[in-house]
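Peer 1: Take a look at the following structure, please.
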Amino acid sequence: MQQGKAQQESVTPNKWPELNSDQKAAATAPLRPQLVVAGPGTGKTRVLVCHAAHLILEKGFDPERVVLVTFTRQAAAELTERLTEIVGPAGTNVQAGTLHHFCYQILKDHPETADVPSDFIVAGETTTDPFWQRWHEENEDWCERNDLKSYQQVKTHVGRVKLGIDTVSGRLQKGMRRYRKMLRKRNAVDFDDLLVKTRDLLQDNETRRAVSKDAGAILVDEFQDTDPVQYEILRRLGEDAHLFCVADGDQSVYRFRGARPENLQRYIEDFDCRKENGGLRVLGTNYRTSQAIYDVAESVLDRSGQIKSRGDIQAQNSGSGEVRVKACGNPEKERRFARDTVRQWLEEDRIPESEIAVLTRWNSRARELEEAFLKDGIACRTSSSDDLMETPPAQKLQALLQVIDARRREQGVEAPLAELLGQMLSGHAMAGLRDFQARSMPDQNLWTVFQTVASSRRARRSAHLEKEIKPLKRAYATITNLLQRSQKPRTTIGEFAEEALRELEDPLQLLQKEEKKLEDPASFPAIREAGRALRTWKADQVQGVGGGPRLLLHSREPQLTRLWRQLVRRALGIETDPPAPLPEKQEALFVRPAEEGIPPLGNEDLVFTNDIEGLFDWGERTGAFGREETPTIVVLTSQEFREAGGRLPLGIDPAEVIAIGPEDAAESPSVQLFKALGAATGPDSAQPLFPEYVMVDIEATSTDPRSCTVAEIGAVKVEDGTTTGRFSELIELPEDLSGEEAQTLRDVCGLDPETDFSGARPIDEVWAAFCEFVGEAPLVAHNGQQYDFKVLDRLAREQGTGAPWNATFDMLPAAHELFPDLNRHDAEHLKQEVVGEKEATAHRALADCLDQQQILGAMQKKRARRERMLAHESLLPLVVAALTYESPDPDTVTRDTKALLRVGHVWALRGASPTKEDLQSMLPRALPDRFRKDPLYAAIDEEELIEEATGIQPGLKRRLEALLSPFADGLLKSERLEDLLAHLTLWGEAETPEGKEVVTISTYHSAKGLEFERVICTDVHNNAFPPFFARDPAERRESRRLLYVGMTRAERRLVLTYPKIDREYERSITPFLEGVEERLSTSRPDAPAAGSPAE
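Under our numbering, residues -6 to 1088 are what the sequence shown spells out, in order.
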């Protein structure tokens, strides 16, 4: 208790925030159970923090016995920070966190009484999801009868059963027994168990009193969001501890999680909380929303059975606030209207980004809004997806660009380099570097220390980092490579970022993890030829409908034809934005819309089919094939064509048909088409590293670049991938060459100082000749940043000439990236494993250069292969959908196809693919559901699928490209880089977007607790509010509350939008706004709302 008194003595009155009378009465309420009803903007967080401060400073509570229960870790951190501002450092000692975390600690402290293992773990989705996926499949008929259409719904239902919300039948009871047995086997509890077991544990009076010794006061934020089990936990704790709950039943919007606003009434009854006895308090002043906006928002609510009455809360701002309605043609126009409105608010009204939010009903719509805003260069944060700037690739790129910008502005690079190292090295390695710096190099900066440790075995031993040699050397070479490349004149930000993201080695695509299982399209002659035909067709296209050669897709299954058409249009970059209308199901479709009728196909046209006989039947019916000219025909899965002897009508030569058979790729026409598109858009062969470069190697008397005596320089000049010159010179040795140095030359280089150097020239002559040979071409070497380039830089200083080359490139990081499974990446090992030459080469400079050139060729070949294989990953949901129509035997599906299926399914699950709208229009049901019910689903490994779904976020590469796109064409060494870094810094704040200079894009649920000057509420139509499935009156009331939550985020301006047509259905404004039309300012459907730009 003394700690609280000491803090009280040190606090000055001005540390307390200003409170109105209602707030002060609540903050200083007596130690009986309290319920504070706080509407939006009434200061509930301030009251909660001040009550905690009151307990510590006025009532003598030890901060460690004060518990702040929140529903997010972020909210807990905010409460702790604000409390510390009042009570000082003692505020950090309170127990602040989610109720799950609090329960976890209770169970850890009382494992025997709670009947849990002392070393229990909390099972995550990677453990629970596979179990319920399998159970759902085993009991699919029963699940269908009980309206449980997916394993996620089963899992949710089980959670609700455990929380006492739903009942359970016999079949599911057996499943739950198996589930509990599985968890026990793993010494695990799930998230629901944390609550249920804590509730049961607290029935024991002795345990409950023991918990209260550590938790004398429990303050609960967002109490209206508690479920029945959470309520029971808090109620039982309230028997021995002071309980203080802040709630607003009008903001209870988590019924699907089990939240029950009825808990407020239970609380009032269980603890006899009434206004008359000081147990129930209402905060009545809204400091956020204008009265006009609040009146419209409050009219949405159903007031029956609520604690607050209409009019209990009054806005301090009684001035006019704008509420406008905008009807848009479709969801795409609604997105554009939101984007353009935000752009005008930013540019014309000068509203800070942090004061603007766009809310949407669904996560998928939030991602679409994010991409639209990103491409328009509007900094935004999306609540529905992982924080883009929290991903490792984005963090590393940002740190690297900060280093480059500091060098450009001739400022110190110590801090940004330390940040970059911190991103690239492990915590252990960074701690070792810091310790070594403090002990051995206190006067040197961290980069110098890092260079020393990376290059010196003795330093690594002293820093206890011997086992970190690989990541240290790789990080050093990667950073130095990229810093060198940044010096290349006229390099754009986009070019550099693309290269940097590749060299920083973080996988950006899901398929990259599957690389070993994928087949290279170019390894199959027929697919390679089909790819060339597609590339030629694309190159010959002219803008406009019907221009240039035509590309026809044919299949007897018309749904396949539609799916292929979208796949080709998107892969070849000819899809429009918004997408062109999808054609009706037809046996044959042109990739570009055809003219009226079907003119006969000519020599320049191209046809893909999986049924050659059906193609000519169709051609005979339509007159598509003339007698004089015939198109190039690609037959997918051509086994039947070959078995028929390849006979074709119309005098077509079978030898001119490109026939792709099962031996060329998977036995699937759709996979073969996907591979052909990869071949068409990817590089046909290995691309040169630079148009011109010089491969260099040095032989010397030691491995220390600072002091070694250079004995030989070898170099190979390469132009457009072809060797055009060689350089090889021995250098006159000094007279004082030591015996040890002479022996090194004999043992390592095969050079005898006594006999081999008789014709060697002095270093100044060799250096001049070497510089003339290189000119300004970039230098390339293996492990060059550690050795060769350092030696050459030293020679340039000693000769006083400077280095003529403009860039250097070390092959070592790329070798790690491209061949991660090799245990060594030295040149000798790479030559053996990558090039395939087992015989050792004498260590002479020119010979080593030629070896390194072979290694580089193999690396570039691997990179080209990767580009072909990973192309069009985001389009894989179309391939998955097509395969459900092809219906191949799951037992015959190749591992290559399995990988494509798995990755495509993850994209569909996350709703991240640009093909999402295509599939919604073409498929009778959602692709994930369709695929899971298809026999083909058995071909993929669920464990790998779950690992895939929790790994790299689908679309990360595309999101990063969109983020950088407004700056991509700017020069790297210009002020545009500074603009980009400001953009990224504002974007990348780890905390809530509130108060940060970014526009917030959020779902209505995620927007709770945030506030903005201007808000656009999208999807305000009769199929979202209420949702089509909301038949229960309680669900409809919650839908009203959710809209109320979104509307009350706005302080001064609120815009409500909805599409008139969505998924081919007519929509109208939500019926919840009936009766308040006179308070809304509307616009004509084809005109912008006042104060907003045109569509």
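Note that the Cβ used here is the ideal one computed from N, Cα and C, for glycine as well.
Owing to the predicted nature of the structure, the values given are computational and were not obtained by experimental measurement.
Just curious, the beta strand (DSSP E) that C321 is in, first and last residue?
Peer 2: Counting from one through the sequence shown, the residue named residue 321 turns up at place 328. It spans E315 to C321 - the beta strand (DSSP E) in which C321 sits, taken as one unbroken run.
Peer 1: Could you give the uninterrupted runs of the alpha helix (DSSP H) lying entirely in the stretch 200 to 251, keeping only those of 4 residues or more?
Peer 2: For the stretch 200 to 251, whole alpha helix (DSSP H) runs of length 4 or above, ordered along the chain, are 221 to 230.
Peer 1: Who does D803 pair with in a DSSP beta bridge?
Peer 2: In the sequence shown, counting from the first residue as 1, residue 803 sits at position 810. DSSP lists A774 as partners of D803.
Peer 1: Ordered along the chain, which non-local residues of its own chain (more than five positions away) have a Cβ less than 8 Å from that of G90?
Peer 2: In the sequence shown, residue 90 corresponds to position 97, counting from 1. These residues qualify, in order along the chain: L61, V62, T63, R66 and A69.
Peer 1: Please report the distance separating the alpha-carbon of P10 from that of T1050.
Peer 2: The residue you call residue 10 lines up with position 17 of the sequence shown. The residue you call residue 1050 lines up with position 1057 of the sequence shown. About 38 Å.
Peer 1: Under 8 Å, do E597 and D646 count as touching if we go by C-beta distance?
Peer 2: In the sequence shown, residue 597 corresponds to position 604, counting from 1. In the sequence shown, residue 646 corresponds to position 653, counting from 1. Not a contact, by the Cβ cut-off of 8 Å.
Peer 1: Straight-line CA distance for R259 to G163?
Peer 2: Here residue 259 corresponds to residue number 266 of the sequence shown, with the count starting at 1. Here residue 163 corresponds to residue number 170 of the sequence shown, with the count starting at 1. Answer to the nearest angstrom: the Cα atoms are 31 Å apart.
Peer 1: Please name the residue in P921, L916 and G272 whose C-alpha comes closest to that of R895.
Peer 2: Within the sequence shown, the letter at position 902 stands for residue 895. Closest option to R895, Cα to Cα, is P921.
Peer 1: Which residue or residues does DSSP assign as beta-bridge partners of N279?
Peer 2: Translated into the one-based positions of the sequence shown, residue 279 becomes position 286. According to DSSP, which records beta bridges pairwise, N279 is partnered with A308.
Peer 1: Work out the CA separation of L556 and L599 for me, nearest whole Å.
Peer 2: Residue 599 sits at position 606 when you count from the first residue of the sequence shown. Residue 556 sits at position 563 when you count from the first residue of the sequence shown. Between L599 and L556, the C-alpha separation is close to 18 Å.
Peer 1: Can you tell me the Cβ-Cβ gap for R521 and I994, rounded? I've got them flagged as a contact below 8 Å.
Peer 2: Here residue 521 refers to the residue found at position 528 when the sequence shown is read from its first residue. Here residue 994 refers to the residue found at position 1001 when the sequence shown is read from its first residue. So it is not a contact: roughly 43 Å between Cβ atoms.
Peer 1: Note down, in chain order, each residue of its chain lying with its Cβ closer than 8 Å to the Cβ of K831, except the 5 sequence neighbours on either side.
Peer 2: Locating residue 831 in the sequence shown gives position 838, counting from the first residue. Closer than 8 Å at Cβ, skipping near neighbours: Q825.
Peer 1: What number of angstroms, rounded off, separates the C-alpha of E325 from the C-alpha of E910?
Peer 2: Counting from 1 along the sequence shown, the entry for residue 325 is found at position 332. Counting from 1 along the sequence shown, the entry for residue 910 is found at position 917. Their Cα atoms are separated by approximately 11 Å.
Peer 1: Sort I344, A359 and P345 by Cα distance to V351 and report the nearest one.
Peer 2: As a position in the sequence shown, residue 351 is number 358, starting the count at 1. Out of I344, A359 and P345, A359 has the C-alpha closest to the C-alpha of V351.
Peer 1: Would you decide whether I1062 is buried or exposed? Buried here means 16 or more other CB atoms lie within 10 Å of its CB.
Peer 2: Position 1069 of the sequence shown, counted from the start, is the residue given in the question as residue 1062. Buried.
Peer 1: Using only the alpha-carbon positions, how far apart do E364 and M382 sit?
Peer 2: One-based indexing of the sequence shown puts residue 364 at position 371. One-based indexing of the sequence shown puts residue 382 at position 389. Straight-line Cα distance between these residues: approximately 14 Å.
Peer 1: Tell me whether D140 is buried or exposed, calling it buried when 16 or more other Cβ atoms sit within 10 Å of its Cβ.
Peer 2: Taking the sequence shown and counting its residues from 1, one reaches residue 140 at position 147. So D140 ends up on the exposed side.
Peer 1: Which of the three DSSP states is assigned to Q27 in this structure?
Peer 2: In the sequence shown, counting from the first residue as 1, residue 27 sits at position 34. In the structure shown, Q27 sits in a strand (DSSP, three-state: E or B).
Peer 1: If we ignore side chains and look at the alpha-carbon of each, how far apart do I472 and K463 end up?
Peer 2: Along the sequence shown, read from residue 1 onward, the residue named residue 472 stands at position 479. Along the sequence shown, read from residue 1 onward, the residue named residue 463 stands at position 470. One C-alpha to the other measures close to 14 Å.
Peer 1: Quick check for students: name the residue ranges of the beta strand (DSSP E) that lie wholly in the stretch 73 to 134, counting only runs of 3 or more.
Peer 2: 88 to 91
Peer 1: In terms of residues, what are the limits of the beta strand (DSSP E) holding F184?
Peer 2: Walking along the sequence shown from the start, residue 184 turns up at place 191. It is not in any beta strand (DSSP E) - F184 instead sits in the alpha helix (DSSP H) that spans F184 to L194.
Peer 1: Spatial neighbours of V1069 within its chain, please: C-beta separation below 7 Å, excluding the five flanking residues on both sides.
Peer 2: Taking the first residue of the sequence shown as 1, we reach residue 1069 at position 1076. These residues qualify, in order along the chain: V289 and S292.
Peer 1: Since G707 and D819 are thought to touch, with beta carbons under 8 Å apart, how far apart are those beta carbons, to the nearest angstrom?
Peer 2: Here residue 707 refers to the residue found at position 714 when the sequence shown is read from its first residue. Here residue 819 refers to the residue found at position 826 when the sequence shown is read from its first residue. About 18 Å separates the two Cβ atoms, so there is no contact after all.
Peer 1: Can you name the start and end residues of the alpha helix (DSSP H) that T38 belongs to?
Peer 2: Indexing the sequence shown from 1 puts residue 38 at position 45. T38 -> alpha helix (DSSP H) spans K37 to L50.
Peer 1: For the beta strand (DSSP E) holding T737, just list the boundary residues, first then last.
Peer 2: By 1-based counting over the sequence shown, the position of residue 737 is 744. Unbroken run through T737 is the alpha helix (DSSP H), G732 to T737; no beta strand (DSSP E).
Peer 1: Using the C-alpha atoms, what's the distance from R951 back to G795?
Peer 2: Reading the sequence shown from its first residue, position 802 is the one you call residue 795. Reading the sequence shown from its first residue, position 958 is the one you call residue 951. So the two alpha carbons sit approximately 41 Å from each other.
Peer 1: Please state whether DSSP places A875 in a helix, a strand or coil.
Peer 2: Indexing the sequence shown from 1 puts residue 875 at position 882. Secondary structure at A875: helix, using DSSP grouped into helix, strand and coil.
Peer 1: Would you check if the distance between the CB atom of Y878 and the CB atom of P771 is smaller than 8 Å?
Peer 2: Residue numbering aside, residue 878 sits at position 885 when the sequence shown is read from its first letter. Residue numbering aside, residue 771 sits at position 778 when the sequence shown is read from its first letter. Against a cut-off of 8 Å, the Cβ pair of P771 and Y878 comes out as no contact.
Peer 1: Apply the 10 Å Cβ neighbour rule to D513 and answer buried if 16 or more other Cβ atoms are within range, or exposed otherwise.
Peer 2: Position 520 of the sequence shown, counted from the start, is the residue given in the question as residue 513. With 16 or more Cβ atoms within 10 Å of its Cβ, D513 is classed as buried.
Peer 1: Rounded to a whole number of angstroms, what is the C-alpha to C-alpha distance between A673 and M417?
Peer 2: Translated into the one-based positions of the sequence shown, residue 673 becomes position 680. Translated into the one-based positions of the sequence shown, residue 417 becomes position 424. Those two C-alpha atoms are separated by around 35 Å.
Peer 1: On the premise that D241 lies in contact with V30, defined as a C-beta separation below 8 Å, what is that separation, rounded to the nearest angstrom?
Peer 2: One-based indexing of the sequence shown puts residue 30 at position 37. One-based indexing of the sequence shown puts residue 241 at position 248. A Cβ-Cβ separation of about 6 Å places V30 in contact with D241 under the 8 Å criterion.
Peer 1: Flag this pair as yes or no: are the beta carbons of L970 and R401 separated by less than 8 Å?
Peer 2: Taking the sequence shown and counting its residues from 1, the one referred to as residue 970 is at position 977. Taking the sequence shown and counting its residues from 1, the one referred to as residue 401 is at position 408. Against a cut-off of 8 Å, the Cβ pair of R401 and L970 comes out as a contact.
Peer 1: Per DSSP, which one or two residues make a beta bridge with Q887?
Peer 2: As a position in the sequence shown, residue 887 is number 894, starting the count at 1. Note that residue 887 is Thr in the sequence shown, not Gln. Note: T887 sits in no beta bridge, so no partner.
Peer 1: Between which two residues does the alpha helix (DSSP H) holding K909 run?
Peer 2: If you number the sequence shown from 1, residue 909 lands on position 916. Its alpha helix (DSSP H) spans residues K909 to M915.
Peer 1: I believe R274 touches A18 by the beta-carbon criterion, under 8 Å. Please report the beta-carbon distance rounded to the nearest angstrom.
Peer 2: To locate residue 274, count along the sequence shown from 1; it is residue 281. To locate residue 18, count along the sequence shown from 1; it is residue 25. That pair is a contact at about 6 Å.
Peer 1: Distance check for Q792 and D757, CA to CA, integer angstroms please.
Peer 2: Here residue 757 refers to the residue found at position 764 when the sequence shown is read from its first residue. Here residue 792 refers to the residue found at position 799 when the sequence shown is read from its first residue. Computed Cα separation, rounded: 7 Å.
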